[in-house]
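Everything below concerns the one structure shown next.
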Amino acid sequence: MSKQLLIAIDPGFDSMKVIANGVHFKFPFCAVETDERKMSDYGGRHGFILYKDSSGATWRVGQYARTVMYDNKDSQDDPMARFYTEARFVSPEAAVGILSAIAKAIELTGLYGEDLDIRLIVALPHAVRNKYASTVTGLLAGDQRFFMTFDNEAEKEFRFTIHEQNVMTVSQTIAAILGETSDDNGFIDESKFKYLANGPTLVIDGGYYTMGLVPVSRGGSVDDDRAESNTNYAMKNVNLGVAKEIADARPDIKHYAVEYLLSQGETAVRYMDKDQGKVVNIDLSSIREKKIQSVCNNLIRYLNKQYDNLIDFRYILVTGGTGAAFFNQLLDYYKGTGLMDDEHMLLTRPMIAGKELPIEFAVVVGAYKGLRGKLGEE
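Here the sequence shown is numbered in our numbering, starting from -12 and rising by one per residue.
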């Protein structure tokens, strides 16, 4: 009898969030092809992930791939600049990252063997889900054979087959809605049904690269004509503002470098002030806090213009890591207008098996619930 592994993956611009048979984990979504014969510096360290394909080509994945990217940020062919685009979702790097996530899921659940029945769902940005769905399926479906090294463990071989009909995709924003309004089996949670039945509801899904804006009409149907994956009000735009402010002193620090440095706990960068003849520190974290307020103000102006001051929406559901960063400012503003209160503008709480996960897992929780619901229909 085959063993079934249900895997939901949200390959966000910041990190790969995964739920596999109820087990959740994440790692930075980065993959860089390397020649490991020349790079033995990180092997055995915590968080080290190395993917090797059947031809012997190697890729660093996760935090150490991000480090390689950062170290090469000054090169003419800047890998970070190429990786932080929507095309990443249909790139070889995406396939390597997702296959690495599947391997980690197999390791954590202990479900080894070529008879493994894998059911996979991948969440994609709302605006490009239909465009990229078939390509993503093509990257992942079929027979897979590769090798992985995690942390200080020995290299392991992974072999499995994912049948084409068992690879699904879902809009990240739709997944966030499912996560908030469904139970663990993917069926409507009666206590949350009001967000769909008694709308209209606007879902604001803030990620690193996109700000998903999806109106849901009374009754629960998505208004695709008014939905969008906006690229002007996400965390990338915050970091672009930070990079612009420090450009005169540190032109090498691009938006993706800001994110990398802060993720490493490096809240300050230095430069040589030639007038003073000494080193000066720049506080990245305080600059970013100011830019968060600025970009959120821009988002509010956009929402008011695009959706007539939100007067036609009964509920606003805010989700995602950037959504969480903006939430208090959004709530204060719309409470101040008298339009919203704490019961009608909410930050989602991703729950699974009675446990609340961090807000960044909101999309993958919904995708996992959706996958379980889909299988329940079979």
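Each residue gets a CB set at the ideal place from its N, CA and C atoms; glycine is no exception.
Of the other Cβ atoms in all chains shown, fewer than 16 fall within 10 Å of the Cβ of G363; this residue is therefore exposed. Counting other Cβ atoms within 10 Å of its Cβ, M259 stays below 16 and is therefore classed as exposed.
Counted as a single uninterrupted DSSP element, the alpha helix (DSSP H) harbouring E232 occupies residues 222 to 232. For D58, the enclosing alpha helix (DSSP H) has its first and last residue at 50 to 58.
For T309, the enclosing alpha helix (DSSP H) starts and ends at 308 to 323.
In the structure shown, I89 adopts helical secondary structure according to DSSP, grouped into three states. CA-CA distance, H242 to N153, rounds to 36 angstroms.
Rounded to whole angstroms, the Cβ separation of I233 and I269 is 5 angstroms, and the two are in contact under 8 angstroms. Counting of Cβ neighbours within 10 angstroms places Q50 among the buried residues, the total reaching 16 or more. Under DSSP, F147 forms a beta bridge with Q131.
Rounded to whole angstroms, the separation of the alpha carbons of E276 and I161 is 29 angstroms.
DSSP, read as helix, strand or coil, puts N8 in coil. Contact check for A114 against T188 fails: the beta carbons are separated by 9 angstroms or more. Sequence-distant Cβ neighbours of L286 in its own chain, meaning closer than 6 angstroms and more than five residues away, are Y220. The alpha-carbon separation between D(-3) and A88 amounts to approximately 10 angstroms. By the neighbour-count definition (other C-beta atoms within 10 Å, threshold 16), S216 is a buried residue. G186 places its beta carbon less than 9 angstroms from that of V203. As the crow flies, the alpha-carbon of K342 is around 33 angstroms from that of A244. The stretch 239 to 279 contains, as complete beta strand (DSSP E) runs of 3+ residues, the segments 255 to 260, 265 to 270 (chain order).
In the three-state DSSP reduction, R47 falls in the strand class (E or B). Just so you know, the alpha carbons of H150 and Q293 end up roughly 42 angstroms apart.
Three or more beta-carbon pairs separated by less than 8 angstroms link the stretch 129 to 149 to the stretch 77 to 91, which places the two stretches in contact. Distance from the Cα of E246 is smallest, within the candidate group R257, T136, S2, for S2. A Cβ-Cβ separation of about 13 angstroms leaves T309 out of contact with T335 under the 8 angstroms criterion. P345 sits in coil when the DSSP states are folded into three classes, being neither helix nor strand. When Cβ pairs closer than 8 angstroms are counted between the two stretches, the stretch 158 to 178 is seen to touch the stretch 112 to 132, the count reaching three or more.
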